[in-house]
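Asks: For the record, the sequence lines run as chains A and B. Under my numbering, the first residue of the first sequence carries the number 8, and numbering increases by one thereafter. Under my numbering, the first residue of the second sequence carries the number 764, and numbering increases by one thereafter. The beta carbon of each residue, even a glycine, is placed where N, CA and C say it ideally should be. What follows is a single structure, and I will ask about it in a moment.
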Amino acid sequence: DVKVTQSSRYLVKRTGEKVFLECVQDMDHENMFWYRQDPGLGLRLIYFSYDVKMKEKGDIPEGYSVSREKKERFSLILESASTNQTSMYLCASSLLGHLNGYTFGSGTRLTVV
Amino acid sequence: GESVGLHLPTLSVQEGDNSIINCAYSNSASDYFIWYKQESGKGPQFIIDIRSNMDKRQGQRVTVLLNKTVKHLSLQIAATQPGDSAVYFCAEWGTGTASKLTFGTGTRLQVTL
Chain A
8 DVKVTQSSRY
18 LVKRTGEKVF
28 LECVQDMDHE
38 NMFWYRQDPG
48 LGLRLIYFSY
58 DVKMKEKGDI
68 PEGYSVSREK
78 KERFSLILES
88 ASTNQTSMYL
98 CASSLLGHLN
108 GYTFGSGTRL
118 TVV
Chain B
764 GESVGLHLPT
774 LSVQEGDNSI
784 INCAYSNSAS
794 DYFIWYKQES
804 GKGPQFIIDI
814 RSNMDKRQGQ
824 RVTVLLNKTV
834 KHLSLQIAAT
844 QPGDSAVYFC
854 AEWGTGTASK
864 LTFGTGTRLQ
874 VTL
């Protein structure tokens, strides 16, 4: 069963901590994405990547960075976590090219206290 | 129906009835559309897609209708079941060099017994 796996379902971190959210896909997809999901705001794109070592800013990149050292793994980094980064984080992947749907992970619910 | 904004529309239907979830999209050049279902605590899952050269596509108990004239998309669920309770998102694939899926804010479907 092909899938996107996010390493943690729930995380609680303190303000100012450096936080790593990990995502791995086993479908050999070129594209990978990080979204955050907040009530009433839908899915907002943070960063995405079309290839290893490549990254592009999404709609809300401030306060985040990403790393893609291997094709199957895409990491989201909160350099200094803040309470307004408390959210559900969703990773997704897709094949390169037009007209391909995304496969999502189950999400990581991050709480920053 | 679904629209960009802070409030998540809710549709309440009785078990066994048909459900219709609506979505207004913004980009007249969009040529691919997807409906996703997100159950509580899980990531979005692909339900059905439709390309812009079609106006109707049917799956198992689900039908997607596309009206390009008024930029409207709908998801019909036949004989709604309790397991259909979830948030439903439409997504559109725009054109251009940085084309990617753009998601609506979602509609919550509540199935009553």
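1. Suppose you measure from the CA of A/Ser124 to the CA of A/Phe111; what does that come to, to the nearest Å?
2. Is the beta carbon of A/Ser82 less than 8 Å from the beta carbon of B/Gly806?
3. Nearest chain B C-beta to A/Phe111 closer than 8 Å, yes or no?
4. What do you reckon, are the CB atoms on B/Gly822 and B/Val850 nearer than 8 Å?
5. Using a beta-carbon distance cut-off of less than 8 Å, what residues from the segment 45-63 of chain A approach chain B?
6. Rounded to whole angstroms, what is the Cα-Cα separation between B/Ala815 and A/Val59?
7. Could you give the C-beta distance for B/Lys834 and B/Tyr788, rounded to a whole number, given that I count them as a contact under 8 Å?
8. Give me the chain B residues within the contact set of A/Leu18, using Cβ-Cβ distance strictly less than 8 Å, ordered along the chain.
9. Can you check whether the CB of B/Gln801 is closer than 8 Å to the CB of B/Phe852?
10. Please confirm whether A/Leu106 has its beta-carbon closer than 8 Å to some beta-carbon of chain B.
11. Residues of chain B with CB closer than 7 Å to the CB of A/Leu97, please, in chain order.
12. Along the chain, which unbroken stretches of the beta strand (DSSP E) at least 3 residues long are found entirely within the segment 92-117 of chain A?
Replies: Result, derived from the coordinates:
1. With chain A running from 8 to 120 in the structure shown, residue 124 of chain A is simply not present.
2. Between A/Ser82 and B/Gly806, the CB-CB gap reaches or exceeds 8 Å.
3. Yes - at least one Cβ of chain B is within 8 Å of the one on A/Phe111.
4. Their beta carbons are not under 8 Å apart, which means B/Gly822 does not touch B/Val850 by this criterion.
5. Identification of residues in the segment 45-63 of chain A having a C-beta nearer than 8 Å to some C-beta of chain B yields Pro46, Gly47, Leu48, Gly49, Leu50, Leu52, Phe55, Glu63, given in sequence order.
6. What sits at residue 815 of chain B in the sequence shown is Ser, not Ala. C-alpha of B/Ser815 to C-alpha of A/Val59: approximately 32 Å in a straight line.
7. The C-beta separation of B/Lys834 from B/Tyr788 comes to about 5 Å, placing the pair in contact by the 8 Å criterion.
8. Per Cβ cutoff of 8 Å: no residues; A/Leu18 is ~14 Å from chain B at best.
9. Closer than 8 Å, so yes.
10. The beta carbon of A/Leu106 sits closer than 8 Å to some beta carbon of chain B.
11. The answer, in chain order, is Gly806.
12. For the segment 92-117 of chain A, whole beta strand (DSSP E) runs of length 3 or above, ordered along the chain, are 94-101.
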